[in-house]
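If you're matching positions, the sequence shown starts at 1 in the working numbering and goes up one per residue.
Ideal placement from N, C-alpha and C gives every residue a C-beta, glycine not left out.
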Amino acid sequence: MTRRLSVTTRRELTEAVGERYRRSDRNDKRQILDEFVELTGYHRKHAIRMLCREAQPPRAKPGPQRRYDDDVRAALITLWEAADRICSKRLKALIPTLIDSMTRHGHLSLPKDLRQRLKQISAATIDRLLRDVREQAFSGQRRRAGGIGNAIRRAVPIRTFTDWNDPLPGYLEVDFVEHCGGTKIDGDFVHSFVMTDIATGWTECLAMPFRSSAFVLEHIVDSVKRHGRSATTILAGRRV
1 MTRRLSVTTR
11 RELTEAVGER
21 YRRSDRNDKR
31 QILDEFVELT
41 GYHRKHAIRM
51 LCREAQPPRA
61 KPGPQRRYDD
71 DVRAALITLW
81 EAADRICSKR
91 LKALIPTLID
101 SMTRHGHLSL
111 PKDLRQRLKQ
121 ISAATIDRLL
131 RDVREQAFSG
141 QRRRAGGIGN
151 AIRRAVPIRT
161 FTDWNDPLPG
171 YLEVDFVEHC
181 GGTKIDGDFV
191 HSFVMTDIAT
201 GWTECLAMPF
211 RSSAFVLEHI
221 VDSVKRHGRS
231 ATTILAGRRV
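Below you can see the structure in the form of structure tokens.
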């Protein structure tokens, strides 16, 4: 009586019995064939064809070849380490400059096509290629930020050195610091009027008894007088 075998079981049985069938002599082949037909229910001629057929290697799946292979990954790891393991968005912006600099100083030697692929790689692909090495570098712990801080990080775009276009020296940010002891209570307190140059970090702090537009204008005029000719550069613009 023929047993009902699944397709997977028949395939595995054919591979196992076929190897023994092909290297056996004629008498043994007859016995093996009888047992195989009894187990599978195949017709004898079909069973002979199945047992004589050698196992074929699995076919490669159709589709485009991998653009970012192991060579790209190895070079990317080197660049990532050289950039002090920065995030993918910043690394993508830095890659062209980093490749040119490391090649010029003899720290890196890459074929032209590999350099081109690295310069065209996206931040998402960098994340995918570096996923394993990042987990190893951080002892398998993925750094996650939760709560309000995580929402703020998603809302504020990451700035890279390629889009850091701050104004030239002379453009100031103005702020006030209220000296109330740390807790906001009613009353008047001394304020520090702080002017900071965005580009150079030059800072001037002036005291005023309370917040007043008249005091602000007075302090700006005093700054212009004190700095003389350089006041045109220092106070070219203001952001209050």
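Which residue comes first and which comes last in the beta strand (DSSP E) that contains Tyr171? On the sequence shown, residue 171 is found 171 positions in, with the first residue counted as 1. From DSSP, the beta strand (DSSP E) with Tyr171 extends over Tyr171 to Glu178.
Near Val190, what residues of its chain come up, given a Cβ to Cβ distance below 7 angstroms and the 5 sequence neighbours on each side ignored? Numbered from 1 along the sequence shown, position 190 holds the residue referred to as residue 190. Here the set comprises His179, Ala207 and Pro209.
Assuming Thr14 contacts Leu51 (C-beta within less than 8 angstroms), just tell me the rounded distance between them. As a first step, residue 14 is located in the sequence shown; it is residue number 14 there, counting from the start. As a first step, residue 51 is located in the sequence shown; it is residue number 51 there, counting from the start. That pair is a contact at about 7 angstroms.
Could you tell me which residues DSSP puts in a beta bridge with Thr196? Position 196 of the sequence shown, counting from 1, holds the residue named residue 196. Glu173 and Thr203.
On a Cα-Cα basis, can you pick out the residue from Ser212, Ile220, Glu81 and Arg117 that is closest to Pro96? For the purposes of this step, residue 96 is taken as the residue at position 96 of the sequence shown. Comparing Cα positions, the closest option is Arg117.
Would you mind sorting Lys92 into buried or exposed? The rule is 16 or more other CB atoms within 10 Å of its CB. Residue mapping note: residue 92 aligns to position 92 of the sequence shown, counting from 1. Buried: at least 16 other Cβ atoms inside 10 Å.
Run through DSSP, which three-state label would His191 get? Position 191 of the sequence shown, counting from 1, holds the residue named residue 191. His191: strand per DSSP, three-state reduction.
If you compare alpha carbons, which of Asp84, Asp188, Gly18 and Ile198 is closest to Glu173? For the purposes of this step, residue 173 is taken as residue 173 along the sequence shown, with counting starting at 1. When only C-alpha atoms are compared, the closest one is Ile198.
Quick one: what's got a C-beta closer than 6 angstroms to Val177's C-beta in the same chain, skipping five residues either side? Against the sequence shown, residue 177 aligns to sequence position 177. If we look at Val177 and ignore the five residues flanking it on each side, its Cβ neighbours are Ser192.
Measure the CB-CB distance between Lys89 and Ala123 and report whether it falls below 8 angstroms. By 1-based counting over the sequence shown, the position of residue 89 is 89. By 1-based counting over the sequence shown, the position of residue 123 is 123. Yes, they are a contact pair.
CB Ile32 to CB Tyr21, shorter than 8 angstroms? For the purposes of this step, residue 32 is taken as residue 32 along the sequence shown, with counting starting at 1. For the purposes of this step, residue 21 is taken as residue 21 along the sequence shown, with counting starting at 1. In contact: Ile32 and Tyr21 (Cβ atoms closer than 8 angstroms).
At the level of alpha carbons, what is the spacing between Ala82 and His105? To locate residue 82, count along the sequence shown from 1; it is residue 82. To locate residue 105, count along the sequence shown from 1; it is residue 105. Going by the C-alpha atoms only, they are around 13 angstroms apart.
Using the beta-carbon count (16 or more within 10 Å), is Leu217 buried or exposed? Translated into positions along the sequence shown, residue 217 becomes position 217. Flag for Leu217 reads exposed.
Near Val133, which residues of its chain fall below 6 angstroms by C-beta distance, leaving aside the five closest residues on each side in sequence? Within the sequence shown, the letter at position 133 stands for residue 133. Same-chain partners within the cutoff: Ile77.
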